[in-house]
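Data first, discussion second: the structure below is written as structure tokens.
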Amino acid sequence: MTGQTPERDISVSFELFPPKTEAGIEKLGHTVDRLAEAGPAYFSVTYGAGGSTRERTRQVVDAVASRSGLPVAQHLTCVGASRAEIDRQAQGLWDAGIRRIVALRGDLPEGETLAEDGYHDGAELVEGLRRIGDFDISVAAYPEVHPEAASDQGDLDHLKRKIDAGANRAITQYAFDTDTVLRFVDRARKAGISAPIVPGIMPVANFASLKRFSSGCGASIPTWMEEMFAGLDETPDLRSMVATSVAVEQCRRFVAEGLTEFHIYTLNKPDVTLAICRALGLPATIRADRAA
Ligand SMILES: Cc1cc2nc3c(=O)[nH]c(=O)nc-3n(C[C@H](O)[C@H](O)[C@H](O)COP(=O)(O)OP(=O)(O)OC[C@H]3O[C@@H](n4cnc5c(N)ncnc54)[C@H](O)[C@@H]3O)c2cc1C
838 MTGQTPERDI SVSFELFPPK TEAGIEKLGH TVDRLAEAGP AYFSVTYGAG
888 GSTRERTRQV VDAVASRSGL PVAQHLTCVG ASRAEIDRQA QGLWDAGIRR
938 IVALRGDLPE GETLAEDGYH DGAELVEGLR RIGDFDISVA AYPEVHPEAA
988 SDQGDLDHLK RKIDAGANRA ITQYAFDTDT VLRFVDRARK AGISAPIVPG
1038 IMPVANFASL KRFSSGCGAS IPTWMEEMFA GLDETPDLRS MVATSVAVEQ
1088 CRRFVAEGLT EFHIYTLNKP DVTLAICRAL GLPATIRADR AA
């Protein structure tokens, strides 16, 4: 596949979502302090559907950047906004020194149509952002195929358009079947996509919520996971241990196949993410000590 890379090259980024309250934002500060212990390459902060968290996302991006001293990527969706509005926001990010964007089309609220004068998809958004500044741009990729895709090939062609428009990397939707992700990466390479493809890793928290969310975004839950997590929502400590081992096993297989960058959907909870990182030898001092 992509060639073996030594374990010491593993790097992670951590995705956060903006809490709804000031108290939540305060609590997130402590979560960020703890997550920073693993030495992530950057944090990212999601953007509510249709720009619903626009102000809070930006507030959290600034707070995480100043608290951690690490780079922070802002997620930015373009549905429901005009090109001029998106360009203004992107210019504001550039002027504030924010250099990383996870560029997404986003999902339209039920019954709404795309803004006539807006960017119509992720590829158009990337083109627009490139006109504004030399951002580091990530886009989304779908190992299990986006629910709106006309076909597997159409989905991959669209990803290639996003990369060709100037995206630096693709971050995948989480997929628990590791072979599915590895096959997707192979197909992407054969389709001429050479940019890094970073597996998104979802540590299982509440299993019932995960199932609901997954059915909406086209991510399947394998039967073995149903069995493995059955009843564990009542015993969260045990669930966290199982969730850690599932994610570590998946990451180790990726590493063996040469994929060494991971984007962890932290769900704003530090412990399982930190446990995964430690098992993978992060922070780097753990690996240095092991190698000595
Ligand atoms: C890593 C990651 C982070 C995310 N963060 C957020 C977030 O912060 N906020 C949020 O609201 N959502 C987020 N999402 C979800 C995302 O907004 C949805 O999956 C959305 O439905 C698609 O956005 P996109 O940028 O992938 O769209 P696009 O890639 O533009 O389109 C999605 C799919 O539709 C089809 N398609 C679209 N346009 C065309 C075209 N012109 N020609 C052919 N096919 C086309 C393709 O199959 C494509 O894969 C995230 C997803 C991922 C994987």
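Residue numbers for the sequence shown follow the working numbering, so the first one is 838 and each next one is one higher.
Note that beta-carbon positions come from the ideal geometry of N, C-alpha and C, so glycine has one too.
Taking 7 Å as the line, does the beta carbon of Arg942 fall inside it for any heavy atom of ligand 1? yes
What separation, rounded to the nearest whole angstrom, lies between the Cα atoms of Met1062 and Asp924? 42 Å
Can you round the beta-carbon distance between Asn1105 and Leu853 to whole angstroms, since I take them to be within the 8 Å contact cut? 6 Å
Could you tell me whether any non-hydrogen atom of ligand 1 is closer than 7 Å to the CB of Ile1008? yes
Enclosing beta strand (DSSP E) for His1100 [first to last residue]: 1098-1102
Any idea what DSSP makes of Thr1060, helix, strand or coil? helix
Ligand 1 heavy atom lying under 7 Å from the CB of Glu1098: no
Proximity test, Ala927 beta-carbon vs ligand 3 heavy atom, cut-off 7 Å: Ligands in the displayed structure: ligand 1; ligand 3 is not one of them.
Sheet register partners of Gly1037 (DSSP bridge): His1100
Ligand 1 and Val1018: does the residue's C-beta get closer than 7 Å to at least one heavy atom of that ligand? no
Just to confirm, is the Cβ distance from Gln1010 to Ala940 under 8 Å? no
Spatial distance of Glu922 from His957 (CA atoms): 14 Å
On the three-state DSSP scale, how would you describe Gln1010? coil
Spatial neighbours of Phe1091 within its chain, please: CB distance less than 6 Å, with the 5 preceding and 5 following residues excluded, ordered by chain position. Pro1036
Let me know if Cys1114 comes out buried or exposed under the rule of 16 or more other beta-carbons within 10 Å of its beta-carbon. buried
Contained alpha helix (DSSP H) runs [length at least 4] in the region 985-1030, N- to C-terminal order: 989-1001, 1015-1027
Assuming Thr1017 and Pro980 form a contact by the criterion Cβ under 8 Å, report the distance between their Cβ atoms to the nearest whole angstrom. 5 Å
Does DSSP put Phe1044 in a helix, a strand or coil? helix
Can you list, in chain order, the residues of its chain whose CB lies under 8 Å from that of Met1065, leaving out five sequence neighbours each side? Val1079, Val1083
Measuring from the CB of Ala886, is there a heavy atom of ligand 1 at a distance below 7 Å? yes
What residue range does the beta strand (DSSP E) around Glu852 cover? 848-853
Which residue's Cα is closest to the Cα of Arg942: Gln928, Ser919, Gly929? Ser919
Cβ-based neighbour list, Leu993, same chain, cut-off 7 Å, excluding 5 preceding and 5 following: Arg1024, Ala1025, Ala1028
Relative to the C-alpha of Leu1117, which candidate in Leu962, Gly1068, Thr1097, Ile1034 has its C-alpha closest? Thr1097
Please classify Thr1122: is it buried, with 16 or more other beta-carbons within 10 angstroms of its beta-carbon, or exposed? exposed
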